[in-house]
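Here the structure is laid out as structure tokens; the discussion comes afterwards.
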Amino acid sequence: MPWGLVLGSGGLRGAAHVGFLKVLEENNIRPHLIVGTSAGAVVAALYSSGLSLSKIEQQISKIYKTLSYSSILDKLAGSQILTKTRFDQIPIGFLSGNTAEFILKRLLKNKEFSQLSIPCSIVATDLNSGETVVFSNKKHIPRSKNTIYIEGVKVADGVRASISIPVIFEPKKIFDRLLIDGGVTNSVPVDIAMDMGAEKIIAVDIDISENYPENLFGVLLKTIDIMSFSINNLKPYKADLTIKPHMPHVGLLDVNKIPDLMEAGKKAAVRNLEKIKKIVS
């Protein structure tokens, strides 16, 4: 019986997904398919490409550093972005996303979704239409409205689109679509795993963070979190098991706490291990 693993959005907190997968691997538990959105897309893509978890663990901090608040501060330091008086002169995103994209392409090579070791789908959002855009190895029939599947895309490009936090990252353009963070419309894409044929689903849901800085970017990211959480609660499709790791207090600058986040993912998997085994057996 095919079962799917869904890795939800969560920014820096998405490092917990790596720890979660480590426990599964230690117990010889491997998903038949995997879906990721936003930060979860990074881990889902790297894992399904065949990279070892030790390799992913080594690289994950480099990738997540490009998503951090400190990257924004570095970009703004000495720039004239905030002194512009005309809104049409302010860039569409403070960060280009080129560094993250470079790392992803180096790790994922030139692979398309059809070349992955585990069937994988990555979720993004069309900025213009508001549709949920899913990159996969084939065009599945969506059960949710305003969802489309696109094939023939490089995995690294799909992930780069999925992590494009609005205003923070410039949107990624793919096939004339301007794409932003998948978590905006589908933070825990259980329905996508169903579309792919999963009969049982385990989802890792990184809950809303309480620790955002009290400034423009903090308000923006907190708003996205609340909106995504609310949309997800309205969806009728639920996993057989949804796991919410007990996350440590982590701010946007706390890249040094990535090991703690991974440990939180491990503990969540261990805590639910018997339930997981029952579902996948």
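Under our numbering, the first residue of the sequence shown carries the number -19, and numbering increases by one thereafter.
Where a beta carbon is used, it is the ideal one built from N, C-alpha and C, also for glycine.
A contact between stretches requires three or more CB pairs, one per stretch, nearer than 8 Å, and the stretch 34 to 44 fails this requirement with the stretch 105 to 112. Exclusion of the five residues before and after isoleucine 43 leaves Val22, Ala80, Ile83 and Leu84 as the residues of its chain whose Cβ lies within less than 8 Å of its Cβ.
C-alpha of isoleucine 259 to C-alpha of phenylalanine 0: approximately 16 Å in a straight line. The straight-line gap separating the alpha-carbon atoms of isoleucine 256 and histidine -3 is approximately 15 Å. Excluding sequence positions up to five before and after glycine 77, its CB lies within less than 8 Å of the CB of Thr46, Arg140, Ile143, Ser144, Phe149, Glu150 and Lys152, all in the same chain and listed in chain order. Looking at the DSSP output, lysine 134 sits in a beta bridge with Glu92. With a cutoff of 8 Å on beta-carbon distance, isoleucine 181 and valine 3 are scored as not near each other. If you look at phenylalanine 115, you'll find it in the beta strand (DSSP E) that goes 112 to 115. The residue from Cys100, Leu221, Asp220 and Ala244 with its alpha-carbon nearest to that of histidine 229 is Ala244. By the C-beta criterion, the stretch 8 to 28 is judged to be in contact with the stretch 86 to 102, since at least 3 inter-stretch pairs fall below 8 Å. In the structure shown, the three-state DSSP call for isoleucine 83 is helix.
In the DSSP annotation of this structure, the continuous segment of the alpha helix (DSSP H) that includes alanine -4 starts and ends at -4 to 6.
Excluding residues up to 5 positions away in sequence, Val(-2), Leu1, Lys2, Glu5 and Tyr27 lie with their Cβ nearer than 8 Å to the Cβ of leucine 33 in the same chain. Here DSSP, grouped into helix, strand and coil, assigns glycine 163 to helix. Alanine 244: not part of any beta strand (DSSP E); member of the alpha helix (DSSP H) spanning 238 to 251, first to last residue. Under the DSSP assignment, aspartate 156 falls outside any beta strand (DSSP E); it carries neither an H nor an E label. For isoleucine 259, the three-state secondary structure derived from DSSP is helix. Going by DSSP, aspartate 106 is part of the beta strand (DSSP E) stretching over 100 to 106. Closest by C-alpha distance to phenylalanine 209, out of Ile154, Lys125 and Pro169, is Pro169. The DSSP-derived three-state label of valine 23 is helix. Cα atoms of lysine 119 and proline 99: separation of roughly 13 Å, rounded to the nearest angstrom. Glycine -16 is positioned such that its CB atom lies no closer than 8 Å to that of alanine 136. A residue is called buried when at least 16 other Cβ atoms come within 10 angstroms of its Cβ; aspartate 156 does not meet this threshold and is exposed. Look at glycine -9 here: in three-state DSSP terms it is helix. The three-state secondary structure of lysine 42, taken from DSSP, is helix. Under the DSSP assignment, isoleucine 186 falls outside any alpha helix (DSSP H); it carries neither an H nor an E label. Distances from the alpha-carbon of glycine 30 to those of Gly(-10), Asn8 and Gln95 put Gln95 closest.
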